[in-house]
Amino acid sequence: MRRTLLILASLFLFLPQLAHAHLVSARFGEFYAGLLHPLTSLVHLIPWVALALFASMQDKRTSRWNVLVFPLLVILGACFGWASYKAGEEVPQLIAVANMLSFVVLGACIVSALHVANLFFSLAVFFGFTHGFSNGLVALEFYPFLLYLAGVFTAAYLSILLVSSLGFFIGQRFAWSSIAIRVLGSWVFAAGAIYTGFSFVGGQ
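Under my numbering, think of the first position of the sequence shown as 1206, with each following residue one higher.
Dropping the structure here:
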């Protein structure tokens, strides 16, 4: 009986469901809704962590700039997403595809241990905008949205700052750190490949 329940539970994990933008813990207010929305969604959290790990593989100057660049692009994307949502426009397919591919692209960059500042900043700008756009698809009026926006900015800022700083800290003290980060990148790549594959198959 226990084995049957375990098999059924495992099968449910492979049943894809539609995902919609939502306000997480809205009862705590718009700021905390914005803070928790990306941090409780693996679609956003994993690529953001991956970008921070990728940042820890760059030089310190590049990584420090990204602490501001990425959150600002997330905010810019969220503003465009909110404006599009309020206008009743359809979400561009490019946004969903880009967010799915961010797993694969960032994971591959970590595994390859690339040290190319221009490539890194291009990815940070592009994926910051696309992930921000998805976080902006909320039914809020202007002033509540500003509080929500502040929460999203805080989530992006803290996730990039803390994870990249941790990557630098470990990298300076342990010889095995670069291998460990590349292994994490391979997991991100594998998760992205599976997620993207299921998404494309489910959409056909």
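Quick reminder that beta carbons are idealized off the backbone N, C-alpha and C, glycines included.
Assigned secondary structure, residue i (DSSP; H/G/I helix, E/B strand, else coil)
i     : result
W1392 : helix
E1235 : helix
A1379 : The sequence given here has Phe at residue 1379, not Ala. In this structure, F1379 counts as coil in the three-state DSSP scheme.
S1246 : coil
P1349 : helix
M1305 : helix
V1296 : coil
A1226 : Residue placement at A1226 is poorly supported in this model, since its pLDDT is 47, which falls under 50; the coordinates are not used for a value here.
Y1400 : helix
N- and C-terminal bounds of the alpha helix (DSSP H) containing residue i
i     : result
L1342 : Unbroken run through L1342: none, as it is neither H nor E.
W1270 : 1265–1291
L1319 : Note, L1319: premise wrong, no alpha helix (DSSP H); not H, not E.
Contacting residues, own chain, Cβ-Cβ under 8 Å from residue i (five flanking each side not counted)
i     : result
T1209 : In this prediction, T1209 scores a pLDDT of 45, lower than 50, which makes its location untrustworthy; no coordinate-derived value is stated.
D1264 : H1320, A1322
Whether residue i touches residue j by CB criterion (8 Å)
i     : j     : result
G1356 : L1240 : yes
S1369 : A1260 : yes
N1340 : A1283 : yes
I1315 : R1266 : no
L1278 : F1334 : yes
L1256 : L1311 : yes
A1303 : F1332 : yes
M1262 : A1313 : no
Cβ neighbours of residue i in the same chain (closer than 7 Å, five flanking residues each side left out)
i     : result
I1251 : F1308, V1393, A1396
A1398 : V1309
L1354 : G1239, I1280, A1283
V1254 : S1364, V1368
T1359 : L1240
Close beta carbons around residue i, own chain, < 6 Å, minus the five adjacent residues each side
i     : result
M1305 : T1401, S1404
Y1362 : P1276
F1338 : G1282, F1285, G1286, I1300
L1352 : E1235, F1236
H1249 : P1243, H1336
Check your understanding: Does the count of Cβ pairs from the region 1235–1248 and the region 1320–1333 closer than 8 Å reach three?
Key -> no
Point to revise | Meets three-Cβ-pair contact criterion under 8 Å: the region 1373–1391 and the region 1272–1280 | key: no
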